[in-house]
Amino acid sequence: KAGVTQTPRYLIKTRGQQVTLSCSPISGHRSVSWYQQTPGQGLQFLFEYFSETQRNKGNFPGRFSGRQFSNSRSEMNVSTLELGDSALYLCASSLASGSTSTDTQYFGPGTRLTVL
Amino acid sequence: AQSVTQLDSQVPVFEEAPVELRCNYSSSVSVYLFWYVQYPNQGLQLLLKYLSGSTLVKGINGFEAEFNKSQTSFHLRKPSVHISDTAEYFCAVCRNSGNTPLVFGKGTRLSVIA
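Going line by line, the protein sequences match chains H and Y. Residue numbering for the first sequence follows the numbering used here, starting at 293 and increasing by one per position. Residue numbering for the second sequence follows the numbering used here, starting at 5 and increasing by one per position.
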């Protein structure tokens, strides 16, 4: 079974631009979560989508948004990029079929975004 | 809200020596606990998780962790490390009710020395 894939793997943008990152979950997984990883803040939760609906949201400004399609693929968008948005953005998928978070989250390799 | 503290940011250890990576958590509700590993330029991989039952949890690659509710700890151990265990290790927690996101610690970089 193919793992979680993220595209692109590397991205360089300048301040003020916007960016869209893509995540394809493991086949059959309906939940997709996004995390930002930086050396200073570590791993921080951005948002989770389940069956095309945002189910959980972290504490990030509105410049960060996401969506999920009917095939469970997900995209996240960052508008008006700032230098501090430079990070590794990780996507994770899980079955999330139950009422609690017992299903394992499987992570993709991440997209490394550099903002100049 | 939940929080996780990984007490050591870096742990150097010689090959074939035992290692313990420490993790303490804070939560007002019952939680699930996880350990993930991240190799260079890769995503995170689940090592093990505690949901309920036996407090000693065995995971992949010879790792195990013990849940201690009274000390709110979930330390990761391996009796004999290999060079290939060099990586960053993350402890994470989430509430055990509802589909809630993982809260991660800042990570511990394990360096295995030949």
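Glycine included, every Cβ here is placed at the ideal spot set by N, Cα and C.
- Note on geometry: alpha-carbon atoms of K82 of chain Y and E20 of chain Y lie some 10 Å from one another.
- Residue pairing for L382 of chain H: DSSP places it in a beta bridge opposite H:Y327.
- Here DSSP, grouped into helix, strand and coil, assigns I64 of chain Y to helix.
- Per DSSP, N348 of chain H is one residue of the beta strand (DSSP E) stretching across 345 to 349.
- Between L51 of chain Y and F71 of chain Y, the C-beta spacing is not below 7 Å.
- Between Q6 of chain Y and S30 of chain Y the beta-carbon gap is near 7 Å, inside 8 Å, which marks them as a contact.
- Following the DSSP letters along the chain, one finds F339 of chain H inside the beta strand (DSSP E) bounded by residues 334 to 342.
- Distances from the alpha-carbon of V324 of chain H to those of H:V311, H:G308, H:G358 put H:G358 closest.
- Of the candidates H:K349, H:E344, H:F342, H:Q333, H:Q333 places its Cα closest to the Cα of G376 of chain H.
- Between A384 of chain H and Q328 of chain H, the CB-CB gap reaches or exceeds 7 Å.
- In the DSSP annotation of this structure, the continuous segment of the beta strand (DSSP E) that includes G358 of chain H starts and ends at 356 to 360.
- For the beta strand (DSSP E) assignment, the uninterrupted runs of no fewer than 3 residues enclosed by the stretch 15 to 95 of chain Y are, from N- to C-terminal side, 23 to 25, 27 to 30, 35 to 42, 48 to 54, 60 to 62, 68 to 72, 77 to 82.
- In summary, the residues of the stretch 347 to 364 of chain H whose CB is separated from some CB of chain Y by less than 8 Å are R347, N348, G350, in the order they occur in the chain.
- Beyond the five residues adjoining it in sequence on each side, F18 of chain Y comes within less than 6 Å, by CB distance, of I117 in the same chain, given in chain order.
- L114 of chain Y places its beta carbon 7 Å or farther from that of V8 of chain Y.
- Counting along the chain, the unbroken beta strand (DSSP E) around E367 of chain H starts and ends at 366 to 370.
- Under a criterion of Cβ atoms nearer than 9 Å, no residue of chain H is adjacent to L52 of chain Y; the nearest Cβ is some 10 Å distant.
- For E340 of chain H, the C-beta contacts it makes with chain Y under 8 Å involve N103, P105, in order along the chain.
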